[in-house]
Every structure is written in structure tokens, then in C-alpha cells.
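Colleague: Below is one structure. I have some questions about it.
Protein chains: 2
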Amino acid sequence: MAGDSRATRARLLDAAFAEFAEHGLAGARVDRIAAAAGANKRLIYVYFGNKEQLFDHVVERCLAEGSEVVPFDVTDLPGYAGALFDHLVARPDLMRLVAWKQLERPGATDSEAASYRTKVEALASAQAAGRVEPGIAPADILALTLALAQAWFTAAGGTGALRGADARQGADGPQSEAFTAHRAAVIEAVRRMTSTAAPAG
Amino acid sequence: MAGDSRATRARLLDAAFAEFAEHGLAGARVDRIAAAAGANKRLIYVYFGNKEQLFDHVVERCLAEGSEVVPFDVTDLPGYAGALFDHLVARPDLMRLVAWKQLERPGATDSEAASYRTKVEALASAQAAGRVEPGIAPADILALTLALAQAWFTAAGGTGALRGADARQGADGPQSEAFTAHRAAVIEAVRRMTSTAAPAG
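Those protein sequence lines, which keep their order, are chains A and B. Here the first sequence is numbered in our numbering, starting from 1 and rising by one per residue. Here the second sequence is numbered in our numbering, starting from 1 and rising by one per residue.
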């Protein structure tokens, strides 16, 4: 691919991410994406296909970026949850894209499913080796760890409001006391959930 | 209020819940809601105000119903999480409404904020009395407990797909092995997070 076309593709995907995060799949306008990228609308269809396929491309790209910035670390699940939390705070629109996806385009793409499967297999091996508490199934450990890392954005609709915060802006922001305490709580909760030293019942 | 008008209001709110859960706030059509309720569209404005205010009424009603069906129990947080999970499984469209709300109508209503505040205060008292692990702030315990109870619907976008399930339909459904295991995992994770018997680091 020529450099020009690679740069245009990247600009279109950046613009599409912003448009989808703001308006969702149904509300997004392909001509606004083209205008924001300074590209001909026709190129969207040439490079990516229809609007739904463009959405899938944007999701895949976020997933690939996420795996690079926050590699899954089965030897340090609390640290992984903290790093994922930081990544979401740095890009709060990611959680908006995820929410639109669940509402308007549910189901996983092939590479999404493959990425989860790899993580679940790593968790199963870690459990077999006695490094992760074996009482919770690997797929559930993964789902619950992700949920804890995302809680600030999902479950904080109310708690964020209670703090007088706007969850979309990373709530109180990375400098606040509430933010720092929440980050530590996420890490501690994952540690307690996955530690092989079980608490008494 | 006359019985007729009470019944009409209830039918309108039922129809509005279904419409908002399916299409969101921007996508919802007031005339479809009126038609589904067999009521005059004008009554929506008379009873509830504009579309945004109708949305708030629907959210408030779900919250009130939730508090009734799943009372917050600070003496049994794992049980509370399990009961909340069951409630969400029984009404999977609730999580769609919550997601639309976060995207299109963020921020808490007064009674939503009051409901959270009450729970946080109960958690703080339970911590002071030594019944809940004190190492995590009450607002974070609440947010993380809610996130764990909702994980099947939020973080399970990928894991649900991995199981070949449709998260919108309560994934594998209440009879499946994956469902039963996940429910137990939620309860166990909340127990470990809130138990006063801390695991070794």
C-alpha cells in the first residue's frame, strides 16, 4: 500500500472512532467521517466496506492497540487490571465505543474471540500451576477482572454522580483522591479474588 | 388520580421502557410508545413532559422496582450481588436501558443519588462495626460490587461470545452450567472482596 493511502486510511479510522464514540453506529454519518478526515467519502467504501464494516474495523483497531498498550499478564492480574484502568482513563471514549457496540453490534469478531480464548487458556494454565486461585473458572476470572477494571465507567453512573463527577471525563480525573482510592480498590479487589491464599468464609 | 389514568400511565411507562431499551433515547419515537400503549400521544406530554423527562421517569421506576425486588443488604453483600444478578437476568433489557442512559443521559437523578448515598452510608457503618473489610472505601465497595453483579452483561461481550452465547438474552440462560458457575463466581468474588478475613498478600 502506498504511504498516502496508508495515511488516509489511518485518518479515516481516527475520524470514524470519534464519530462512532460520540453518536454510535446508527447515529454516525459517513459523510461527517469523510469530512473530518479530509478524504473522499468513496474511499471509506473502497477501504472498509459499509458503515457496519467500518465500525468493526474501528473496534478491531482499538482491540489491537489495547493488547499492545496493556498486555495481558497472567502472573500479575492485579497489575493488569490497574494498567487496563489507566488505559481506559486515558481514552474515556473507548468505553463509549464498547457500550455502543454492546447495544448496536453485539457479538464478537473472530479476532476478539481469539483474544479472549488466549487469555482464558493462560488463566487455566496458571490455575493448574497453582499461581491463581482455582475456585473460580478461568472465563469468569477474566470477565470479573475486566468488570472491576471498568467499574469506574460502568457502575460509577451513580457513584460518580455521588462524587459530583462526570464519568465520561474519567470522573474526578487522574489527580483526585477519589480516583486514586478507586484505582487501589480495583487492584486490591482483583488480588483478593485471584490470590491463592483464600480468606476464611 | 382516577383509576383509568393510573392504568394509562402504567401502560405508557411499560411501552416507554420497551421502546427506550430497544432504540435508546435519540432513537425512541414517542408516537410508537403511544401506539403500543393504546393511548393518545398528547397524554405523554401531560403526564410526563418531553421525551427526556419520560426517559427519566422510566429510569426512576426501574430503580424503585429494583430496590423493592433486590433490597440492599449490607449484612450479606455476596447474597445481594447474587440477587441483583438474578434480577438482571430476569430482565435483560434493564442493562440495555442502563447503557443507553450512560451514553445519552449521563448523570444521576436526585433519587438515584439519594439511593447510592444511603447504600454508601450503610457500608461505612458496617465497616466501622467490623462487619465489612475496611481497606476499601465504601463508595468503591459499592461500585465494584455492582460491577461484579453486572459483569455477565458488560464484560461478557467477549466471554459471552466465547461461550457461543448472546449476552442480550442472558447469555447461555439460567439453566446452563456456564451461567450457574458465573453466578457462584460473582458471589465468591464479592465475599473475598468484602470479607474481614483478608488473604495473605
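Ideal placement from N, C-alpha and C gives every residue a C-beta, glycine not left out.
(1) Name the chain A residues whose beta carbon is nearer than 9 angstroms to that of A181 (chain B)?
(2) Whole angstroms are fine: how far does the CA of A128 (chain A) sit from the CA of A140 (chain A)?
(3) What would DSSP say about S176 (chain B), mapped onto helix, strand or coil?
(4) At a CB-CB cut-off below 7 angstroms, which residues of chain A make contact with T154 (chain B)?
(5) Hey, does L103 (chain B) have any beta-carbon neighbour from chain A nearer than 8 angstroms?
(6) Which bits of chain B does L12 (chain A) rub up against, with CB to CB less than 7 angstroms?
(7) Strictly below 7 angstroms CB to CB, what residues from chain B border A185 (chain A)?
(8) Below 8 angstroms, how does it come out for the region 177 to 192 of chain A and the region 11 to 23 of chain B: are there three or more Cβ pairs, yes or no?
(9) Using the C-alpha atoms, what's the distance from G79 (chain B) back to A10 (chain A)?
(10) For chain A, check one thing: does any of its Cβ atoms lie closer than 8 angstroms to the Cβ of S32 (chain B)?
(11) Using the three-state DSSP reduction, which class does A21 (chain A) fall into: helix, strand or coil?
(12) Rounded to a whole number of angstroms, what is the C-alpha to C-alpha distance between Y45 (chain A) and A137 (chain A)?
(13) Report the rounded CA-to-CA distance for E104 (chain A) versus D93 (chain A), giving the unit in angstroms.
(14) On the CB-based measure, 16 or more other CB atoms within 10 Å of its CB, does R96 (chain B) come out buried or exposed?
(15) Give the straight-line distance between the Cα atoms of T109 (chain A) and L54 (chain B), rounded to the nearest whole angstrom.
(16) Assign V69 (chain B) to one of two classes, buried (16 or more other C-beta atoms within 10 Å of its C-beta) or exposed (fewer than that).
(17) Jot down the residue ranges of each uninterrupted alpha helix (DSSP H) in the region 38 to 119 of chain B, minimum 4 residues, whole runs only, in chain order.
(18) Once you ignore the five residues that flank I33 (chain B) on each side, which residues in its own chain have a CB closer than 7 angstroms to its CB?
(19) Note down the Cα distance separating T8 (chain A) from Y47 (chain A), rounded to an integer number of angstroms.
(20) Of the residues A:N50, A:G82, A:R91, which one's Cα is nearest the Cα of L63 (chain A)?
(21) Which chain B residues are close to G3 (chain A), counting only those with a beta carbon under 8 angstroms from its beta carbon?
(22) Counting along the chain, where does the alpha helix (DSSP H) carrying A143 (chain B) start and finish?
(23) Would you mind working out which of A:D73, A:F153, A:E133 sits nearest V98 (chain B), comparing C-alpha positions?
(24) Going by beta-carbon coordinates alone, are V190 (chain A) and L88 (chain A) separated by less than 8 angstroms?
(25) If distances are taken between C-alpha atoms only, which option among B:E133, B:D4, B:E177 comes closest to V74 (chain B)?
(26) Buried or exposed for R192 (chain B), going by 16 or more other Cβ atoms inside 10 Å?
(27) Could you tell me which chain B residues have their CB closer than 7 angstroms to the CB of M79 (chain A), listed as they occur along the chain?
(28) Could you confirm whether any beta carbon from chain B is found closer than 8 angstroms to the beta carbon of A189 (chain A)?
(29) Taking only the alpha-carbon atoms, compute the straight-line gap between F72 (chain B) and A149 (chain A) and give it to the nearest angstrom.
(30) For the region 38 to 65 of chain B, enumerate the residues whose C-beta is nearer than 8 angstroms to any C-beta of chain E, in chain order.
(31) I'd like the list of long-range same chain contacts for H57 (chain A), defined as Cβ closer than 6 angstroms, with 5 residues on each side in sequence excluded.
(32) Give the residues of chain B in contact with A99 (chain A), contact being defined as C-beta atoms less than 7 angstroms apart.
(33) Which residues in chain B sit within 8 angstroms of A124 (chain A), going by Cβ to Cβ distance?
(34) In whole angstroms, what separates the C-alpha of T194 (chain A) from that of G27 (chain B)?
(35) So is A26 (chain B) in contact with chain A if we call contact Cβ pairs under 8 angstroms?
(36) Using the Cβ count rule (16 or more neighbours within 10 Å means buried), how would you classify A197 (chain B)?
Modeller: A quick look at the data gives this:
(1) Locating residue 181 (chain B) in the second sequence gives position 181, where the first residue counts as 1. In chain order: I136, A137, A139, D140.
(2) Start at 1 with the first residue of the first sequence, and residue 140 (chain A) comes out as number 140. Start at 1 with the first residue of the first sequence, and residue 128 (chain A) comes out as number 128. A quick correction: the sequence has Asp, not Ala, at residue 140 (chain A). A direct Cα-to-Cα measurement between D140 (chain A) and A128 (chain A) gives close to 16 angstroms.
(3) Looking up residue 176 (chain B) in the second sequence gives position 176. If DSSP states are grouped into helix, strand and coil, S176 (chain B) belongs with coil.
(4) Residue 154 (chain B) sits at position 154 when you count from the first residue of the second sequence. Under the 7 angstroms cutoff, chain A gives A147, Q150, T154.
(5) As a working mapping, residue 103 (chain B) is identified with position 103 in the second sequence. Yes, because at least one Cβ of chain A sits closer than 8 angstroms to the Cβ of L103 (chain B).
(6) Residue mapping note: residue 12 (chain A) aligns to position 12 of the first sequence, counting from 1. The contacting residues do not exist; L12 (chain A) stays about 23 angstroms from chain B at best.
(7) Residue mapping note: residue 185 (chain A) aligns to position 185 of the first sequence, counting from 1. Those within 7 angstroms of A185 (chain A) in chain B are I136, A137, D140, L144.
(8) No: fewer than three Cβ pairs fall under 8 angstroms.
(9) Sequence index remark: in the first sequence, residue 10 (chain A) carries index 10 (1-based). Sequence index remark: in the second sequence, residue 79 (chain B) carries index 79 (1-based). The straight-line gap from Cα to Cα measures roughly 48 angstroms.
(10) Indexing the second sequence from 1 puts residue 32 (chain B) at position 32. Looking at the sequence shown, residue 32 (chain B) is not Ser but Arg. Output row for R32 (chain B): interface = no.
(11) Reading the first sequence from its first residue, position 21 is the one you call residue 21 (chain A). Under the three-state reduction of DSSP output, A21 (chain A) falls in the helix class.
(12) As a first step, residue 45 (chain A) is located in the first sequence; it is residue number 45 there, counting from the start. As a first step, residue 137 (chain A) is located in the first sequence; it is residue number 137 there, counting from the start. Rounded to whole angstroms, Y45 (chain A) and A137 (chain A) show a C-alpha spacing of 42 angstroms.
(13) Translated into the one-based positions of the first sequence, residue 104 (chain A) becomes position 104. Translated into the one-based positions of the first sequence, residue 93 (chain A) becomes position 93. Going by the C-alpha atoms only, they are around 16 angstroms apart.
(14) Sequence index remark: in the second sequence, residue 96 (chain B) carries index 96 (1-based). R96 (chain B) comes out buried.
(15) Looking up residue 109 (chain A) in the first sequence gives position 109. Looking up residue 54 (chain B) in the second sequence gives position 54. So the alpha carbons of these two residues sit roughly 36 angstroms apart.
(16) Here residue 69 (chain B) refers to the residue found at position 69 of the second sequence. Exposure of V69 (chain B) is indicated by the presence of fewer than 16 other C-beta atoms within 10 angstroms of its C-beta.
(17) Within the region 38 to 119 of chain B, the complete alpha helix (DSSP H) runs of at least 4 residues are 41 to 48, 51 to 69, 77 to 90, 93 to 104.
(18) Sequence index remark: in the second sequence, residue 33 (chain B) carries index 33 (1-based). Only L12, A15, A16, E19, I44 meet the Cβ criterion.
(19) Position 8 of the first sequence, counting from 1, holds the residue named residue 8 (chain A). Position 47 of the first sequence, counting from 1, holds the residue named residue 47 (chain A). Distance between the alpha carbons of T8 (chain A) and Y47 (chain A) is about 10 angstroms.
(20) The residue labelled residue 63 (chain A) in the question sits at position 63 within the first sequence. Selected option, being the one with the closest Cα: A:R91.
(21) As a working note, residue 3 (chain A) is residue 3 in the first sequence. Result: empty, since nearest Cβ-Cβ is about 34 angstroms, beyond 8 angstroms.
(22) Taking the first residue of the second sequence as position 1, residue 143 (chain B) is located at position 143. Element bounds for A143 (chain B): 138 to 150.
(23) Position 98 of the second sequence, counting from 1, holds the residue named residue 98 (chain B). Closest by C-alpha distance to V98 (chain B), out of A:D73, A:F153, A:E133, is A:F153.
(24) As a first step, residue 190 (chain A) is located in the first sequence; it is residue number 190 there, counting from the start. As a first step, residue 88 (chain A) is located in the first sequence; it is residue number 88 there, counting from the start. Cβ distance not < 8 angstroms, so V190 (chain A) and L88 (chain A) don't count as in contact.
(25) Counted from its first residue, the second sequence places residue 74 (chain B) at position 74. Among B:E133, B:D4, B:E177, the Cα nearest to that of V74 (chain B) belongs to B:E133.
(26) Stepping through the second sequence from its first residue, residue 192 (chain B) is reached at position 192. Looking at its Cβ environment, which holds 16 or more other Cβ atoms inside 10 Å, R192 (chain B) is buried.
(27) Position 79 of the first sequence, counted from the first residue, corresponds to residue 79 (chain A). The sequence given here has Gly at residue 79 (chain A), not Met. Listed by position along chain B, the residues whose Cβ is nearer than 7 angstroms to that of G79 (chain A) form an empty set, because the closest Cβ is around 13 angstroms away.
(28) Here residue 189 (chain A) refers to the residue found at position 189 when the first sequence is read from its first residue. The Cβ of A189 (chain A) sits closer than 8 angstroms to at least one Cβ of chain B.
(29) Here the question's residue 72 (chain B) lines up with position 72 in the second sequence. Here the question's residue 149 (chain A) lines up with position 149 in the first sequence. For the pair F72 (chain B) and A149 (chain A), the Cα-to-Cα distance works out to about 23 angstroms.
(30) The chain inventory of the structure shown lacks chain E, comprising the protein chains A and B.
(31) The residue given as residue 57 (chain A) occupies position 57 in the first sequence. Cβ within range, chain order: F48.
(32) Counting from one through the first sequence, the residue named residue 99 (chain A) turns up at place 99. Correct list: A99, Q102, L103.
(33) Walking along the first sequence from the start, residue 124 (chain A) turns up at place 124. Scanning chain B for C-beta atoms nearer than 8 angstroms to the C-beta of A124 (chain A) yields nothing, as the closest lies near 13 angstroms away.
(34) Working through the first sequence from its first residue, we reach residue 194 (chain A) at position 194. Working through the second sequence from its first residue, we reach residue 27 (chain B) at position 27. Counting only the Cα atoms, G27 (chain B) lies some 41 angstroms from T194 (chain A).
(35) Reading the second sequence from its first residue, position 26 is the one you call residue 26 (chain B). Closer than 8 angstroms to some Cβ of chain A, the Cβ of A26 (chain B) qualifies, so yes.
(36) Here residue 197 (chain B) is taken as the residue at index 197 of the second sequence, counted from 1. Exposed, by the Cβ-count rule.
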